[in-house]
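First comes the structure, then the notes that go with it.
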Amino acid sequence: MLDAGLFDPITKKMIHIAKGDPMKVLIATAVVAAAVSLNGDGTTTTLICCSAFIPIYKKLDMKLMNLGVLVILQNTIMNLLPWGGPTARAMSVLNVGAEILAYLIPGMIVALLYVIFIVAPSMGRKERARLGIKELTDAEIDEMTTVTDEETLAIRRPKIWLFNAVLTIVLIALLVTDSFVGLGLPPLFLFLTGTVIALLVNYPVLKDQSSRIGANGGDAVQVVILVFAAGVFMGLFQGTGMADALAQSFTKIIPDQLAGFWGLVIALISAPGTFFISNDGFYFGVLPVLAEAGRAYGFTDMQMALASLMGQAFHLLSPLVAFIYLLLRLTGLDMGQWQKESAKWALGIFIIFVVTIILTGHMPLYIPQ
1 MLDAGLFDPI TKKMIHIAKG DPMKVLIATA VVAAAVSLNG DGTTTTLICC
51 SAFIPIYKKL DMKLMNLGVL VILQNTIMNL LPWGGPTARA MSVLNVGAEI
101 LAYLIPGMIV ALLYVIFIVA PSMGRKERAR LGIKELTDAE IDEMTTVTDE
151 ETLAIRRPKI WLFNAVLTIV LIALLVTDSF VGLGLPPLFL FLTGTVIALL
201 VNYPVLKDQS SRIGANGGDA VQVVILVFAA GVFMGLFQGT GMADALAQSF
251 TKIIPDQLAG FWGLVIALIS APGTFFISND GFYFGVLPVL AEAGRAYGFT
301 DMQMALASLM GQAFHLLSPL VAFIYLLLRL TGLDMGQWQK ESAKWALGIF
351 IIFVVTIILT GHMPLYIPQ
């Protein structure tokens, strides 16, 4: 959908609606960042959002800090999609099904709305008070948002934009509905069906289909390799008895009073855990030990997989994440200041994630011991 240009009209329309109002520009930034982040790739999201909005921010003398924060917050939320990385790791390590996505989606939606309707307007009020409203003409906006690259234009499909939009909305609606009602439609089946339909309609020529699969298939291949590697690692980890030994040692140092709150304990550990350690290190090294202990306390693998993903609210602020250096370079921001500003809003996302999975019944707050 990114290749076909699904988000191009959305970006243009949002910027046209915003005109020169800092409040509207910031809300538009949050909406576009969320839409583009469906791709699951931080580098792509950064390039698209920065190329679209930096000229406007500079034209209006707006703080690029706000752009950097909004982009990372929305990408943080959408990074929970299976092709983003951490969810695939949790699924493979704890051997849980694709239904984990349906359990995550309610919290993701609430978090997206939090960024769009609370974070962005809060920033906007400060910018509007500082700068006022500067009008931009339609001609100026068109000049800043027009795509001129020939290779990019060749794969765009503006004539069937409506079809692509409807297909995407229907797919997301089915995923969300299934999380509440239980339609019996596996997310894997939905995504495979949507991908096949999108390819056939947008790129009916086999050569073009192969080209698009080749251009976008790298992330999928990495996830497949990751699952195989996780299987080998977990086989060694459990088959040699290391998991049991570590879990027994770990449970001895945990106060008995915390045993029933183990899901919440994992969620709290995952925040600093995925910030100071890479996702691979945390999910393949730390989570198996936490999970082994959690099973003794009565928690299921699905509950612990969900809990381990809550700390992803802070993960993309880590210096271990490569694409943030591109974001910082394009916006000219200092890492320390950017982390500090982003973290205070990311805390809200973390709370939303935890509260949502507890309220929807997918992770108990407490299990009596």
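If you're matching positions, the sequence shown starts at 1 in full-length UniProt numbering and goes up one per residue.
Heads up, the beta-carbon is just placed ideally off N, CA and C, and yes, glycines get one too.
- ILE352 is positioned such that its CB atom lies closer than 8 Å to that of VAL110.
- The segment 159-178 makes no contact with the segment 46-58: fewer than 3 CB pairs, one atom from each, lie closer than 8 Å.
- HIS362 and ALA30 have their C-alpha atoms roughly 28 Å apart.
- The C-beta of PRO368 has fewer than 16 other C-beta atoms within 10 Å across all chains shown, which makes the residue exposed.
- With a contact defined as Cβ atoms closer than 8 Å, ARG130 and MET23 miss out at about 11 Å.
- Sixteen is the threshold: since fewer than 16 other Cβ atoms of the shown chains lie within 10 Å of the Cβ of GLU151, the residue is exposed.
- Taking THR274 as the centre and dropping the five residues before and after it, the same chain places the C-beta of PRO86, PHE282, GLY311, GLN312, PHE314, HIS315 and SER318 closer than 8 Å to its C-beta, in chain order.
- Assigned with DSSP and collapsed to three states, LYS19 falls in coil, not helix or strand.
- The DSSP-derived three-state label of GLY336 is helix.
- When secondary structure is reduced to three states using DSSP, ASN75 falls in the helix class.
- Between TRP338 and LEU326, the gap from beta carbon to beta carbon reaches 8 Å or more.
- In this structure, the alpha-carbon of ASP61 lies about 12 Å from that of VAL25.
- In the three-state DSSP reduction, SER210 falls in the helix class (H, G or I).
- Counting C-beta pairs closer than 8 Å gives three or more between the segment 69-89 and the segment 106-120, which meets the contact rule.
- According to the DSSP assignment, ILE118 belongs to no alpha helix (DSSP H), since it is labelled neither H nor E.
- Distance from the CA atom of LEU112 to the CA atom of THR240, rounded to whole angstroms, is 43 Å.
- If you check the CB distance, SER342 and LEU67 do not come in under 8 Å.
- In the DSSP assignment, MET1 falls outside any alpha helix (DSSP H), carrying neither H nor E.
- The DSSP assignment places 64-78 and 86-94 as complete runs of the alpha helix (DSSP H) inside the segment 57-112, in order along the chain (cut-off: 4 residues).
- Scanning ASP208, LYS252 and THR195 for the CA closest to the CA of LEU290 turns up LYS252.
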